[in-house]
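Reading through the structure tokens given below for one structure.
2 protein chains.
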Amino acid sequence: MDARHPSSDPSPWMPFASRRRARDEKREAVLRTAVQLFLEQGYHRATLNGVAERLNITKPALYNYFRSKDEILFECWALGQERVEDCIAEIDAGNGTGLSKLRKLIQGYALGMASDFGASLVRFNSHDLTEANQKIARAGKRRIDQAFRNYVSEGVKDGSIKPCDVKLTTFAIVGSLNWIGHWFKHDGALSAEAIASQFSVQLTDGLAKTRAAKKITKKKA
Amino acid sequence: MDARHPSSDPSPWMPFASRRRARDEKREAVLRTAVQLFLEQGYHRATLNGVAERLNITKPALYNYFRSKDEILFECWALGQERVEDCIAEIDAGNGTGLSKLRKLIQGYALGMASDFGASLVRFNSHDLTEANQKIARAGKRRIDQAFRNYVSEGVKDGSIKPCDVKLTTFAIVGSLNWIGHWFKHDGALSAEAIASQFSVQLTDGLAKTRAAKKITKKKA
DNA sequence: CCCGTATATTACCCACGAGTAATAAGAAGT
DNA sequence: ACTTCTTATTACTCGTGGGTAATATACGGG
Chain A
0 MDARHPSSDP SPWMPFASRR RARDEKREAV LRTAVQLFLE QGYHRATLNG
50 VAERLNITKP ALYNYFRSKD EILFECWALG QERVEDCIAE IDAGNGTGLS
100 KLRKLIQGYA LGMASDFGAS LVRFNSHDLT EANQKIARAG KRRIDQAFRN
150 YVSEGVKDGS IKPCDVKLTT FAIVGSLNWI GHWFKHDGAL SAEAIASQFS
200 VQLTDGLAKT RAAKKITKKK A
Chain B
0 MDARHPSSDP SPWMPFASRR RARDEKREAV LRTAVQLFLE QGYHRATLNG
50 VAERLNITKP ALYNYFRSKD EILFECWALG QERVEDCIAE IDAGNGTGLS
100 KLRKLIQGYA LGMASDFGAS LVRFNSHDLT EANQKIARAG KRRIDQAFRN
150 YVSEGVKDGS IKPCDVKLTT FAIVGSLNWI GHWFKHDGAL SAEAIASQFS
200 VQLTDGLAKT RAAKKITKKK A
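Just so you know, the sequences run in chain order A and B. Residues in the first sequence are numbered consecutively from 0, following numbering that gives the first Met the number 0. Residues in the second sequence are numbered consecutively from 0, following numbering that gives the first Met the number 0.
Structure follows, in structure tokens:
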């Protein structure tokens with residue numbers, strides 16, 4: 000069925016490695032199922048029995064992979080967070096104007112929000128995490144917010160974005176994007192990609208300092 | 000202290016009325032305390048014992064005013080909803096371009112979001128309501144969303160707003176506004192009014208079809 | 001002054017679901 | 001085949017908190 004047990008491979012670690020991989024796959028399967036159920040029914044209404052049932056196992060089996068329900072919640076959150084942070088890292092590695100970076104981040108973040116793990120960043124209540132994990136989550140949120148703000152103010156500096164209140168502008172953009180996590184449906188009329196590219200244009204529409212926009216500003220001034 | 004017991008009033012219904020009013024005030028006090036606690040700790044972490052404690056009463060006393068915890072939640076939601084719907088009614092009663100109506104709604108909605116009851120529209124999980132109340136909440140959300148869409152498409156028709164994807168534009172605006180409910184703090188640097196007026200301008204900035212904007216559109220075309 | 005109603009309290013119930021033994025089954029290695 | 005480690009199951013505990021029954025107290029009206 001698959002190449003998970005390549006008996007032809009003589010390496011004595013291979014069987015071990017393959018078992019580890021199977022384990023990780025199961026862990027991921029749990030997370031995927033859990034996040035779906037959490038999103039469908041809400042974290043508290045969703046029970047671990049329910050999660051287990053969907054996986055055709057029983058609740059205690061889950062405890063081979065996770066220590067507690069809130070740990071599952073946290074790891075769902077973490078996967079969504081990771082994806083966004085990877086996106087930020089990629090943007091930071093490249094170059095471009097503040098505006099182009101901002102657009103990339105908007106696009107990446109929008110795509111994230113259209114996924115289950117991404118939506119968990121905004122659909123779950125941070126109070127359901129342990130105190131320690133709440134701190135981690137807050138720090139993560141901060142880093143993302145900071146990235147947005149950095150790109151905006153960078154854009155203002157390099158002239159690609161017209162002067163604006165960085166904080167409020169960021170809030171407005173992030174808000175629009177977060178909302179995707181609440182209304183997006185995979186079976187809807189709009190694909191995630193379409194939304195992402197639309198938003199990356201639309202949300203920066205009034206922000207870009209084009210030649211034409213410059214003219215207007217000067218006219219007004 | 001107050002005129003709640005006007006013994007000078009001969010009307011036999013007056014005492015009754017005054018007691019009703021006291022009752023309603025207590026009901027409201029419960030809701031105010033409850034919504035605060037729900038927002039602080041999350042609906043599930045917050046207990047009715049906790050709510051009662053803050054009011055210097057005990058849990059069963061709450062059941063003189065509400066049938067269940069989720070009824071309290073619902074009424075908090077309803078108060079926030081009502082406020083927005085009042086705003087919509089007011090706008091619909093007056094006249095103006097689609098753009099000016101949209102700006103009024105943005106302003107009103109932003110102000111709402113900066114209040115506890117308004118924030119409850121977006122901070123609480125609809126799954127914590129009864130099936131019946133979920134339907135009511137969904138219908139309410141729909142009405143608000145529809146108002147936004149109506150004003151936008153009205154604006155496009157009357158020429159105050161430049162042609163755009165009504166649905167996505169609305170989502171973007173509503174998203175920005177809803178996000179206020181998550182980050183606004185009463186003791187923060189920005190007042191609710193400042194945010195509301197800022198957003199009413201900023202969110203419609205790229206939307207308004209000014210003469211200058213018209214020129215750009217024609218240039219591009 | 002007494003009665004009836006509204007409103008509060010104390011003391012309880014109990015459903016629910018997270019988490020935990022105790023234990024069985026299955027595969028890997030020898 | 002025997003052992004061992006992993007992974008799963010059955011059957012259970014138990015804390016929590018929403019909700020209730022019985023009851024006390026305050027207050028306005030006759």
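Where is the CB? At the ideal position from N, CA and C, for every residue including glycine. Small disclaimer: the values here were computed from a predicted structure and weren't measured.
| Item | Value |
| --- | --- |
| Start-end ranges of the beta strand (DSSP E) lying completely within the segment 66-125 of chain A, minimum 3 residues | none |
| Backbone secondary structure at Ala193 (chain A) - three-state DSSP | helix |
| Reduced DSSP category for Ala16 (chain B) - H, G, I as helix; E, B as strand; rest coil | helix |
| His43 (chain B) versus Val155 (chain A) - alpha carbon distance | 43 Å |
| 7 Å Cβ cut-off: residues of chain B touching Asn177 (chain A) | Gly174 and Trp178 |
| Proximity to Thr96 (chain B) [Cα-Cα], best of B:Gln106, B:Leu72 and B:Gly158 | B:Gly158 |
| Residues of its chain near Glu130 (chain B), where Cβ-Cβ distance is below 8 Å and the 5 sequence neighbours each way are ignored | none |
| Own chain, CB closer than 7 Å to Thr57 (chain B), minus 5 neighbours either side, in chain order | Ala51 |
| Local conformation of Ala131 (chain B) per DSSP, three classes | helix |
| Gln40 (chain A): contacting residues in chain B (beta-carbon distance under 8 Å) | His126 |
| Interface flag, Arg22 (chain A) vs chain B, CB-CB below 9 Å | no |
| 8 Å Cβ cut-off: residues of chain A touching Gln197 (chain B) | Asp164 and Leu167 |
| Proximity below 9 Å, CB of Ala136 (chain B) to CB of Phe73 (chain B) | yes |
| Within 9 Å, strictly: CB atoms of Leu54 (chain B) and Ala21 (chain B) | no |
| Gln201 (chain A) burial status per 10 Å Cβ neighbour count (16 or more: buried) | buried |
| Beta-bridge pairing of Ile160 (chain B) - partner residues as DSSP gives them | B:Ala207 |
| Candidates A:Leu47, A:Glu81 and A:Arg82: closest to Arg66 (chain A) by CA position | A:Leu47 |
| Reference Cys163 (chain B); option with closest CA among B:Ser175, B:Leu176 and B:Arg148 | B:Arg148 |
| Host alpha helix (DSSP H) of Thr169 (chain B) (start-end) | Val165 to Trp182 |
| Thr169 (chain A) versus Gln145 (chain A) - alpha carbon distance | 9 Å |
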